[in-house]
Amino acid sequence: MWNEPSTGVAIAALDPKTSARQPQPAVVATVEPGSIGEELGFEPGDQLLSINGVRPRDLIDYRYLCVEEELSLQVRDTAGELHCVDLEKDADDGLGLAFTEALFDGLRQCNNNCPFCFIDQQPPGHRDSLYLKDDDFRLSFLYGSYLTLTNLTDVDWQRIEDQRLSPLFVSVHATEPELRSRLLVNQRAGLLMDQLAWFDQRDLQIHAQVVVCPGLNDGAALERTLSDLARFASGEWPAVLSAAVVPVGLTRFRPEQDGLIPVDSQCARTVIAQVEQIQSEFQSQLGSRFAWLSDEWYLMAGLPLPPRADYEDFPQQENGVGSIRAFLESLDEASTELPKAVGRPRHCSWVVGSIVKSALQPVTQRLNAVEGVSLQLFGLPSPYWGQDQVVTGLLTGQDLLDGLIGQDLGDELLLPSVMLRQGQPVFLDDMTLETVQAQIPVPIRVVHGAADIVASVLSADEKTP
335 MWNEPSTGVA
345 IAALDPKTSA
355 RQPQPAVVAT
365 VEPGSIGEEL
375 GFEPGDQLLS
385 INGVRPRDLI
395 DYRYLCVEEE
405 LSLQVRDTAG
415 ELHCVDLEKD
425 ADDGLGLAFT
435 EALFDGLRQC
445 NNNCPFCFID
455 QQPPGHRDSL
465 YLKDDDFRLS
475 FLYGSYLTLT
485 NLTDVDWQRI
495 EDQRLSPLFV
505 SVHATEPELR
515 SRLLVNQRAG
525 LLMDQLAWFD
535 QRDLQIHAQV
545 VVCPGLNDGA
555 ALERTLSDLA
565 RFASGEWPAV
575 LSAAVVPVGL
585 TRFRPEQDGL
595 IPVDSQCART
605 VIAQVEQIQS
615 EFQSQLGSRF
625 AWLSDEWYLM
635 AGLPLPPRAD
645 YEDFPQQENG
655 VGSIRAFLES
665 LDEASTELPK
675 AVGRPRHCSW
685 VVGSIVKSAL
695 QPVTQRLNAV
705 EGVSLQLFGL
715 PSPYWGQDQV
725 VTGLLTGQDL
735 LDGLIGQDLG
745 DELLLPSVML
755 RQGQPVFLDD
765 MTLETVQAQI
775 PVPIRVVHGA
785 ADIVASVLSA
795 DEKTP
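Be aware that the sequence shown starts at 335, since it is given in this note's numbering, and climbs by one per residue.
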């Protein structure tokens, strides 16, 4: 699974020949009203240089340093003047500052060469952030992004221990050393089991992910991987909290003769049967299913999603495990008390990825039962990626134009915000929302979540930017 780094992440990568780099000043983006930072006179654009003589490397350092009750801040204002600010505060009080970037010394990039890497399956020539191979333990701790542990230095391991950076999110793929090294094309990848033992010995924790590549790490290899991970899943402080099993995603841009086979319906059914059996064993041994299949498996297999209770506390929802089930639950809550009719007739359309259309049909029918509402659900493939079955977040601007031009879209098109880059109205193919709107004959309304979708279907007012 891959997510483009958000606009709050530094895109300057560390020089692989250098073990460390001096952090850049932390540039203030916003100041919380009524905060200590506002009292001190901080303004957007000011640069925080050091806290008690220490230059923070990232948001983690910043938060740790700000715990002290007595602080001495070195600041450079927007005019270039230096200021030394001394203050006393309670240990729990923050400064109320947000910064333009999360990492002040640059993004740690990946040193693996996985053939299934989504970043290598993109066409060239788009924005830089699409090609960043994030493998940074700090972003894993801050935002839940996955890392492989292969590029960590002794200093990094020590920092994880000292600052208790837990849980981290780890791309495992396989636990058998030779197989993992082959999958990641990195000999250091074979050290994983020793690394898991390291976490276990220090009462630190991870969530694990396995990207299944048919013919490579499925079948017996997958069973071994989940069994090995479960060895660290018991006791009062388990080192491995959960494991997500997700299908490999392949695009038409991937290198030729990479040896990868796409997941089809039969493969999905086989993996589901295997993992559900293993889940039953884990339930008996650990009191938890521990390993979960992402929703895509069931949708590709044409099978219903598991019931809500099967996901327990949704430990891997951000990784697509139960995300559609949770979304359907939110839609149900938002549509339990629908009006019998709307004051003004509503004829609108809602676009999603083709793979989720069938799961969303029941709520579409429920909304269409409201007198005066006519909602058309479009489940689009992605010619851009060369995928017939695609999740909503991977649809590009060109996919929308290919799939919607000439269709009756009603009076308005509802566009899920997951298609756009966080903080910017731009799609994965660099096409802007403005460009798409210019070629779509009806207004586009960007919708954020279940409640917003239901409200938008029922009312034409208050368009969401």
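Here a beta-carbon is modelled for each residue, glycine too, at the ideal position from N, C-alpha and C.
Beta-carbon proximity list for residue i, same chain, < 7 Å, skipping 5 on both sides
i, result
"Q650", "H541, S576, A578 and W626"
"I612", "E557, L560 and A625"
"P641", "none"
"M753", "T726, G727, L729 and F761"
"S790", "L748, R779 and V781"
"V609", "V579, A625 and L627"
"L830", "Residue 830 is absent from the model: the chain starts at 335 and stops at 799."
First and last residue of the uninterrupted beta strand (DSSP E) at residue i
i, result
"I540", "I540 to V546"
"G677", "A675 to G687"
"Q695", "Q695 -> not in any beta strand (DSSP E); alpha helix (DSSP H) instead, spanning K691 to N702."
"R410", "E404 to R410"
"G430", "Element bounds for G430: n/a, residue is neither H nor E."
"E422", "L416 to E422"
"I778", "I778 to V781"
"S515", "Counting along the chain, S515 falls outside any beta strand (DSSP E), though it belongs to the alpha helix (DSSP H) covering P511 to L518."
Buried/exposed call for residue i, threshold 16 Cβ in 10 Å
i, result
"S692", "exposed"
"H782", "exposed"
"T482", "buried"
"E435", "buried"
"N386", "exposed"
"K467", "buried"
"H800", "Here the chain comprises residues numbered 335 to 799, so residue 800 is not present and cannot be evaluated."
"L416", "exposed"
"D424", "exposed"
"I739", "exposed"
Residue i to residue j span [Cα, whole Å]
i, j, result
"L792", "V676", "7 Å"
"V489", "A567", "27 Å"
"G375", "L473", "29 Å"
"P572", "P501", "11 Å"
"V582", "H681", "37 Å"
"L393", "S369", "18 Å"
"Y477", "G654", "15 Å"
"A344", "G440", "In this prediction, A344 scores a pLDDT of 41, lower than 50, which makes its location untrustworthy; no coordinate-derived value is stated."
"E510", "L550", "12 Å"
"R536", "L421", "35 Å"
"L437", "G744", "45 Å"
"T604", "V544", "16 Å"
"G731", "T698", "24 Å"
"A643", "S657", "13 Å"
"I774", "I689", "23 Å"
"K674", "Y718", "41 Å"
"F661", "L464", "26 Å"
"T670", "D647", "23 Å"
Residue i vs residue j beta-carbon contact at 8 Å
i, j, result
"V419", "Q381", "no"
"Q695", "L711", "yes"
"W371", "T412", "Reading the sequence as shown, one finds Gly at residue 371 and not Trp. It is not a contact, given that the beta carbons lie outside the stated cut-off."
"F433", "V388", "no"
"W801", "L728", "The chain is shown from 335 up to 799; residue 801 falls before or after that span and cannot be answered."
"V724", "G757", "no"
"E746", "V776", "yes"
"L526", "R514", "yes"
"R522", "T487", "no"
"N446", "L563", "no"
"L709", "L701", "yes"
"I595", "P638", "no"
"F450", "Y480", "no"
"H460", "D666", "no"
"Q443", "D469", "yes"
"V365", "G414", "no"
Residue i: first and last residue of the uninterrupted alpha helix (DSSP H) it sits in
i, result
"T559", "G553 to A564"
"E630", "D629 to A635"
"Q600", "S599 to L620"
"R659", "S657 to A668"
"Q710", "Counting along the chain, Q710 falls outside any alpha helix (DSSP H), though it belongs to the beta strand (DSSP E) covering E705 to L714."
"A789", "A784 to L792"
"V770", "L767 to Q773"
"L399", "L393 to L399"
"F533", "L526 to Q535"
"Q732", "G731 to L738"
"V361", "V361 -> not in any alpha helix (DSSP H); beta strand (DSSP E) instead, spanning A360 to V365."
Other residues of its chain near residue i: CB distance less than 6 Å, five sequence neighbours each side excluded
i, result
"P457", "F587"
"A602", "W631, M634 and A635"
"A668", "A784, A785 and V788"
"L538", "S500"
"Y396", "P390"
"M734", "Per the sequence presented here, residue 734 reads as Leu, with Met not at that position. Cβ within range, chain order: V770."
"G737", "L714"
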